[in-house]
Every structure is written in structure tokens, then in C-alpha cells.
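Shown next, in C-alpha cells, is the structure this report addresses.
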Amino acid sequence: MLQNLTTITQFIIEEQRKSNAATGNFTGLLNDIVTACKVISNGVDKGELIGVLGSAESENVQGETQKKMDIISNDVMLKSNEWAGHLAAMGSEEMDDIYPIPEGYPRGKYLLVFDPLDGSSNMDVNVSVGTIFSILRAPEGVDKPTAADFLQPGTTQVCAGYALYGPSTMMVLTTGQGVNGFTLDKDIGEFILTHRNMTIPADTGEFAINMSNYRHWEPPVRRYIDECVQGKTGPRGRDFNMRWVASMVAEVHRILTRGGIFMYPIDEKLKSKGQGGKLRLMYEANPMSFIVEQAGGMSSTGRVRILDLQPNDLHQRVPVILGSKNEVERVVGYHSEG
Ligand code: AHM
Ligand code: MG
Numbered sequence: 171m172l173q174n175l176t177t178i179t180q181f182i183i184e185e186q187r188k189s190n191a192a193t194g195n196f197t198g199l200l201n202d203i204v205t206a207c208k209v210i211s212n213g214v215d216k217g218e219l220i221g222v223l224g225s226a227e228s229e230n231v232q233g234e235t236q237k238k239m240d241i242i243s244n245d246v247m248l249k250s251n252e253w254a255g256h257l258a259a260m261g262s263e264e265m266d267d268i269y270p271i272p273e274g275y276p277r278g279k280y281l282l283v284f285d286p287l288d289g290s291s292n293m294d295v296n297v298s299v300g301t302i303f304s305i306l307r308a309p310e311g312v313d314k315p316t317a318a319d320f321l322q323p324g325t326t327q328v329c330a331g332y333a334l335y336g337p338s339t340m341m342v343l344t345t346g347q348g349v350n351g352f353t354l355d356k357d358i359g360e361f362i363l364t365h366r367n368m369t370i371p372a373d374t375g376e377f378a379i380n381m382s383n384y385r386h387w388e389p390p391v392r393r394y395i396d397e398c399v400q401g402k403t404g405p406r407g408r409d410f411n412m413r414w415v416a417s418m419v420a421e422v423h424r425i426l427t428r429g430g431i432f433m434y435p436i437d438e439k440l441k442s443k444g445q446g447g448k449l450r451l452m453y454e455a456n457p458m459s460f461i462v463e464q465a466g467g468m469s470s471t472g473r474v475r476i477l478d479l480q481p482n483d484l485h486q487r488v489p490v491i492l493g494s495k496n497e498v499e500r501v502v503g504y505h506s507e508g
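Mind the numbering: the sequence shown is residues 171 to 508 in the numbering used here, read in order.
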């Protein structure tokens with residue numbers, strides 16, 4: 171057993187070799203992200219022992235109160251990824267503007283966008299949280315990128331992944347050649363390949379949505395959920411189960427493990443606040459959609475494929491409906507019926 175361990179670094183190098191895409195840059199970048207996630211995992215683990223629970227005194231660009239661990243995780247991601255020369259700039263849920271690589275460090279050809287601690291409202295109640303990231307290429311010849319250089323459709327992502335800080339810490343990622351999962355062995359400090367080629371079954375009997383928003387939903391979403399809730403006696407002729415962790419990473423991980431559909435649709439309440447959705451396109455919807463599609467699932471706003479959207483803002487919000495293909499297709503069908 172011990173002799174057959176594949177570390178995340180070994181896996182990535184071998185995957186890159188196969189596709190002739192081997193550049194030490196990409197592997198180096200991924201290693202720095204992995205290091206950051208190990209540090210965040212350690213902080214999440216220790217919790218109140220090191221005084222990192224609770225809110226900070228600040229708000230982020232979205233007007234949300236930041237948790238102490240939001241700020242710490244953001245700093246860890248920046249510090250871990252700024253120095254090595256793989257990146258031209260970074261963008262984060264926790265920062266209004268992009269983060270250029272500071273003077274004095276070499277600049278590289280990649281852009282990194284992330285949500286350093288997704289689902290952070292779960293920190294204080296000791297429920298799973300995660301880090302989501304997406305790697306893009308800086309446009310050719312651009313040395314000092316602007317925010318506009320980040321606004322590339324999800325189809326151009328080089329790599330997307332998440333770290334899940336749950337009962338185990340896991341890293342799940344794709345470079346466009348399927349989805350693989352790695353579990354952190356804290357004794358040796360390495361992510362080890364444990365979930366090869368993760369796939370999402372096309373059918374499911376499990377949905378995830380924040381039901382408290384029911385009265386605000388659009389008719390196609392209500393119709394879909396109504397039919398699920400009616401169970402065996404309804405038009406679907408079967409019972410459905412529901413889950414809502416309020417942590418997208420945990421939700422997507424469950425779907426990658428046993429199937430399901432996750433929905434954070436547009437609703438009247440979000441519209442009245444001038445928002446196009448709840449979740450952010452660049453560092454939540456796009457990376458998760460890349461992973462879900464690579465695992466054989468589907469991801470849509472209800473009307474269009476998320477990965478095809480042309481972003482118009484680093485912090486743009488979009489509706490998200492993703493998971494088991496046949497169920498997502500059904501919801502999209504209900505939208506097109508009007
Ligand atoms: P965050 O990035 O501020 O943590 O918000 C994103 C999270 C997702 O992980 C989760 O799916 C959703 O917000 C939960 O929202 P709600 O509290 O409305 O159920
Ligand atoms: Mg988030």
C-alpha cells in the first residue's frame with residue numbers, strides 16, 4: 171500500500187506529460203495553491219483554539235461581513251502564490267480590485283481567481299467549508315493585466331479545483347482530462363490520489379436548494395421542485411430527498427460522490443437587489459461548472475451553459491443549476507417552455 175501512493179504533484183506531472191503540456195510553471199503554480207490550502211485547512215481545523223472563529227470588523231466588496239477566517243484565507247492564498255513567478259495577477263471574492271504581482275517578484279503567464287473560504291458562514295458552527303479556484307491564461311503579451319484581462323469565458327479555464335475542509339481535507343481538480351480527488355494525509359503532509367476519475371451519475375433522486383426562497387423563485391424552478399416534493403404520487407412517480415449545507419463546495423462534492431442537482435437560481439428577491447444571481451461567476455460558478463462537466467454532469471443558468479457566458483465583471487453573479495445531467499436538462503427544458 172505505502173509503495174503505491176500517488177501524490178498530487180506526481181499525478182499532475184504525469185498528466186501534463188501525457189498531454190505534452192508539461193511546463194514546470196503550471197505544476198509549480200498548483201503546488202503553491204496546494205500549500206495554501208494545507209495552511210487554510212490547518213487554520214480551519216484549529217478553529218477557536220487559535221481564535222479564528224467569528225466575524226472581523228470589515229465588509230467585502232459584496233457588502234458581506236467578513237469572517238476572520240475569510241481574511242486569513244485570502245492572505246494565505248495571496249502570499250503563497252505571489253512570489254514564484256507563475257502568475258501575472260490574482261482576483262478574489264474578498265478583494266474589490268485585482269491583485270497585481272508586487273514589484274520585485276517575477277511575473278508569469280497565468281491568472282488565478284479564487285474564493286478563499288466559500289461557505290464561511292459555516293465556520294462558526296463547525297460545518298464544512300472550502301476554497302475554490304480557477305486558473306486562466308493571461309492574454310498573450312500582457313505583462314501587467316487589468317481586471318478586463320480576467321473576463322474570459324469559463325471554457326478557457328486551464329484548471330479548476332476546490333479544497334474541501336470536511337471530516338477529511340480533500341482537493342478535487344480538473345485540467346480538462348477528467349476529475350480526480352486527493353485526500354490530505356496530515357501525517358505526511360501530502361494530498362494522496364484517492365478518488366480517480368470521479369463521475370456524476372446522469373440520474374438522481376436528490377436535490378439541493380435553499381427552500382426558504384421558494385416564494386421568490388421563477389415558475390420553472392417552482393415547477394421542478396414542486397414535482398420533486400410530490401414524490402411517488404406526482405408526475406415524477408418517485409420520491410426525492412433534499413440536502414442543503416449552505417456550502418457550495420460540500421454540495422458539489424456530494425454530487426460528485428453520489429449524484430444530485432444543486433440550484434441557486436435567480437429569484438425576485440435577488441432581482442430586486444439588482445443581482446443577477448447569488449453565486450459569483452468567475453470564482454464559484456465557472457470552476458465548479460468545469461469540474462461538473464468534466465465529471466459528465468451539466469451546468470446551466472437555466473437558460474444558457476455557464477461556461478459559455480462572457481463575463482462582464484470580476485464579481486458578476488449568475489444563477490447556477492448543476493449536477494446530474496438528466497435533471498439539469500429537465501430544469502433547462504422547463505425554462506425554455508417559459
Ligand atoms: P460565500 O462565498 O459568501 O460563502 O457565499 C456562497 C455560499 C455558497 O457556498 C452556498 O451555496 C450559498 O452561499 C448559500 O447561500 P444561502 O445562505 O442563501 O443558503
Ligand atoms: Mg463563496
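We put the beta carbon where it would ideally sit given N, CA and C, even for glycine.
CB-CB under 6 Å to residue i, same chain, minus the five flanking residues each way: which ones, in chain order?
i      : result
Ala455 : Leu449, Ile476, Val488 and Val490
Gln445 : Arg487
Gln236 : Ala226, Ser228 and Asn230
His386 : Asp437, Glu438 and Lys439
Gly221 : none
Ile268 : Ala259, Gly261 and Ala317
By Cβ distance below 7 Å, which residues in the same chain neighbour residue i in space, the five residues on each side in sequence not counted?
i      : result
Leu282 : Asn251, Leu257, Met260, Phe303 and Ile305
Tyr504 : Pro390, Arg393 and Tyr394
Gly198 : Ala254 and His256
Gly447 : Tyr434, Ile436, Leu440, Arg487, Val488, Pro489 and Val490
In three-state terms, what does DSSP make of residue i?
i      : result
Thr471 : coil
Ser459 : helix
Ile302 : strand
Asp245 : helix
Ala416 : coil
Ala318 : helix
Glu185 : helix
Ser228 : strand
Asp313 : coil
Gln464 : helix
Gly444 : coil
Gly324 : helix
Leu479 : coil
Taking residue i and residue j to be in contact with their CB atoms under 8 Å, please state how far apart those CB atoms are, rounded to whole angstroms.
i      : j      : result
Met458 : Val422 : 5 Å
Val498 : Met452 : The pair is not a contact, with the Cβ atoms about 21 Å apart (cut-off 8 Å).
Asn195 : Thr179 : Contact flag wrong, Cβ pair sits at about 14 Å.
Ile370 : Gly429 : 6 Å
Asn496 : Ala378 : Their Cβ separation, rounded to whole angstroms, is 16 Å, which puts Asn496 and Ala378 out of contact at 8 Å.
Asn212 : Ala416 : Their Cβ separation, rounded to whole angstroms, is 23 Å, which puts Asn212 and Ala416 out of contact at 8 Å.
Val419 : Ser298 : 7 Å
Thr364 : Gly493 : That belief does not hold up - the Cβ atoms of Thr364 and Gly493 are roughly 22 Å apart, past 8 Å.
Met239 : Leu175 : 30 Å between Cβ atoms; not a contact.
Gln464 : Gly346 : 7 Å
Give me whichever residues DSSP pairs with residue i in a beta bridge.
i      : result
Cys329 : Ile305
Arg450 : Arg487
Asp437 : Trp387
Asn411 : Glu376
Gly429 : None, per the DSSP bridge assignment.
Tyr335 : Val299 and Thr339
Asp294 : The partner list for Asp294 (beta bridge, DSSP) is empty, contrary to what the question assumes.
Thr177 : Ile362
Leu492 : Phe432 and Ser469
By Cβ distance, which residues of its chain are closer than 8 Å to residue i, with the 5 residues on each side in sequence left out?
i      : result
Ile431 : Thr374, Glu376, Phe377, Ala378, Ile425, Ile491, Leu492, Gly493, Ser494, Glu497, Val498 and Val501
Thr326 : Leu306 and Arg307
Val209 : Val246 and Ser250
**Asked** Residue ranges of each beta strand (DSSP E) run of no fewer than 3 residues wholly in the region 256 to 284, ordered along the chain?
**Response** 257 to 262
**Request:** Pick out the complete alpha helix (DSSP H) segments inside the region 341 to 401, 4 residues or longer, and give them in chain order.
**Result:** 389 to 400
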